[in-house]
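J.: Count along the sequence shown from 1, then add 230; that gives the number in my numbering. The structure follows.
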Amino acid sequence: MERGAVKQARRFISGNTGQFTAVWLQCLLMLCLVIPGFACAGNELTIYTEDWPPVTFKNGDKPDGMAVEVVQELQRRIGNTSAIQVVPWNRAYKALLDEANVMIFTVGWSEERERQMTLIGPVAVSRTVLYTRKGNAARLQALKDDIKHLAVGAYRGSIFADAAARKGFQTLELAGTPQVVAKMLMSGRFDLWSEGSVVVSSVLKEIGYTANDVEPVMVLESLDLYLAFSSKTSLSTIRQWEDALRQMKKDGSFQKIHQKWFPNEPVPAEVTRKGLTAQ
Numbered sequence: 231m232e233r234g235a236v237k238q239a240r241r242f243i244s245g246n247t248g249q250f251t252a253v254w255l256q257c258l259l260m261l262c263l264v265i266p267g268f269a270c271a272g273n274e275l276t277i278y279t280e281d282w283p284p285v286t287f288k289n290g291d292k293p294d295g296m297a298v299e300v301v302q303e304l305q306r307r308i309g310n311t312s313a314i315q316v317v318p319w320n321r322a323y324k325a326l327l328d329e330a331n332v333m334i335f336t337v338g339w340s341e342e343r344e345r346q347m348t349l350i351g352p353v354a355v356s357r358t359v360l361y362t363r364k365g366n367a368a369r370l371q372a373l374k375d376d377i378k379h380l381a382v383g384a385y386r387g388s389i390f391a392d393a394a395a396r397k398g399f400q401t402l403e404l405a406g407t408p409q410v411v412a413k414m415l416m417s418g419r420f421d422l423w424s425e426g427s428v429v430v431s432s433v434l435k436e437i438g439y440t441a442n443d444v445e446p447v448m449v450l451e452s453l454d455l456y457l458a459f460s461s462k463t464s465l466s467t468i469r470q471w472e473d474a475l476r477q478m479k480k481d482g483s484f485q486k487i488h489q490k491w492f493p494n495e496p497v498p499a500e501v502t503r504k505g506l507t508a509q
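Okay, here's the thing in structure tokens:
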């Protein structure tokens, strides 16, 4: 009797394949819309970050850092299983601008970027500071406005290079990574290095120096750092991440991660969505 019922069911399904396919697709679509953690292939994100310790970096063959821990917890909450890929900044940023369903972190806010992407956060706040080799700050500060005629080192495509240009510095010495820029500063290639305050110590440590080997010359700006989503990422996907980040900040798990890495830095408490899907 049971075998006969199975055969009848198979014949029924075989004869109504089109109807079953349509119903299945409708059910799948509903799951994607109403269940935040349900993964839909069309909404799978490619996730990139860069080597910018201690915010983001590669520890052996695994991504690590303050923002990486935040993103991994967000992934756990929404059911996202995309690999976090640590790649050069230029590659990640080009993918963000050119491709669909790309998220990179962390990205500094700017008016231009609001027109190109959606930003969720902030997940950290960094001051953009001009640094020099220890013992040079007083001499450089005495130049006043003439300091803007000096070359400034920064890594290519970064918000730190942009900040120096906005402040009127006319000559930029650009390199592919913060570590290369720091080496150029310490070797005397130039006297000014534009970088984020939260990463300077780690960058210098990687090249054999410490924070005591440099000193600040001036603060250019305070910079909020965000998760950035490409222009063709769906609003429903972005909202999943936004809601999960808001919940992390509400339940204290975000603060715990932030204080672990940056015990002396203020914790950004709010969550905002800026850019293409801000309205």
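Here a beta-carbon is modelled for each residue, glycine too, at the ideal position from N, C-alpha and C. These numbers come from a predicted model, not from an experiment.
Along the alpha helix (DSSP H) that carries Leu-435, what are the first and last residues, could you check?
T.: Stepping through the sequence shown from its first residue, residue 435 is reached at position 205. Per the sequence presented here, residue 435 reads as Lys, with Leu not at that position. Taken as a continuous stretch (DSSP letters only), the alpha helix (DSSP H) holding Lys-435 covers 430-436.
J.: Counting only runs that start and end within the segment 364-405, where is the beta strand (DSSP E) found for 3 or more residues in a row?
T.: The segment 364-405 contains these whole beta strand (DSSP E) runs: 381-385, 401-405.
J.: At what residues does the alpha helix (DSSP H) containing Asn-320 begin and finish?
T.: The residue labelled residue 320 in the question sits at position 90 within the sequence shown. First-last of the alpha helix (DSSP H) with Asn-320: 319-328.
J.: Of the residues Met-333, Leu-275, Ile-308, Arg-357, which one's Cα is nearest the Cα of Glu-495?
T.: Taking the sequence shown and counting its residues from 1, the one referred to as residue 495 is at position 265. Measuring from the Cα of Glu-495, the nearest candidate turns out to be Arg-357.
J.: Measuring CB to CB, does Gly-468 end up less than 8 Å from Thr-348?
T.: Stepping through the sequence shown from its first residue, residue 468 is reached at position 238. Stepping through the sequence shown from its first residue, residue 348 is reached at position 118. Contrary to the premise, residue 468 reads as Ile rather than Gly in this sequence. Cβ distance < 8 Å, so Ile-468 and Thr-348 count as in contact.
J.: What are the complete beta strand (DSSP E) segments, minimum 3 residues, inside the segment 479-506?
T.: Whole beta strand (DSSP E) segments, 3+ residues: 502-505.
J.: Are Thr-276 and Val-298 close, meaning C-beta to C-beta below 8 Å?
T.: Mapped onto the sequence shown, residue 276 falls at position 46. Mapped onto the sequence shown, residue 298 falls at position 68. It is not a contact, given that the beta carbons lie outside the stated cut-off.
J.: What is the rounded straight-line gap between the Cα of Leu-402 and the Cα of Ala-395?
T.: Stepping through the sequence shown from its first residue, residue 402 is reached at position 172. Stepping through the sequence shown from its first residue, residue 395 is reached at position 165. Taking the straight line joining both Cα atoms gives about 8 Å.
J.: Could you check what DSSP says for Ala-313 in three-state terms: helix, strand or coil?
T.: As a working mapping, residue 313 is identified with position 83 in the sequence shown. If DSSP states are grouped into helix, strand and coil, Ala-313 belongs with coil.
J.: Under three-state DSSP, which class holds Leu-275?
T.: Here residue 275 refers to the residue found at position 45 of the sequence shown. Looking at Leu-275 - three-state DSSP - the assignment turns out to be coil, as it is neither helix nor strand.
J.: Assuming Ser-510 contacts Ala-391 (C-beta within less than 8 Å), just tell me the rounded distance between them.
T.: Since the displayed the chain opens at 231 and closes at 509, residue 510 lies outside it and no answer follows.
J.: In chain order, what residues of the same chain have a beta carbon less than 6 Å from the beta carbon of Pro-293, not counting five sequence neighbours either side?
T.: Mapped onto the sequence shown, residue 293 falls at position 63. Correct list, in chain order: Ile-314, Val-316.
J.: Any contact of the segment 350-365 with the segment 445-461, i.e. 3+ C-beta pairs under 8 Å?
T.: Contact holds: three or more Cβ-Cβ distances are below 8 Å.
J.: Three Cβ pairs or more, each shorter than 8 Å: is that satisfied between the segment 452-463 and the segment 324-331?
T.: Yes: the two stretches touch, three or more of their Cβ pairs being nearer than 8 Å.
J.: So is His-488 buried or exposed if we call it buried at 16+ other beta carbons inside 10 Å?
T.: In the sequence shown, the residue the question calls residue 488 occupies position 258. Flag for His-488 reads buried.
J.: Going by the C-beta, is Val-429 closer than 7 Å to any heavy atom of the ligand FAD?
T.: As for the ligand FAD, it is missing from this structure, which has no ligand bound.
J.: With burial defined as no fewer than 16 other Cβ atoms inside 10 Å of the residue's Cβ, what is the status of Gly-351: buried or exposed?
T.: As a working mapping, residue 351 is identified with position 121 in the sequence shown. By the neighbour-count rule (16 or more Cβ atoms within 10 Å), Gly-351 is buried.
J.: Taking all protein chains shown into account, decide if Arg-498 is buried (16 or more other Cβ within 10 angstroms of its Cβ) or exposed.
T.: To locate residue 498, count along the sequence shown from 1; it is residue 268. Reading the sequence as shown, one finds Pro at residue 498 and not Arg. Burial call: buried.
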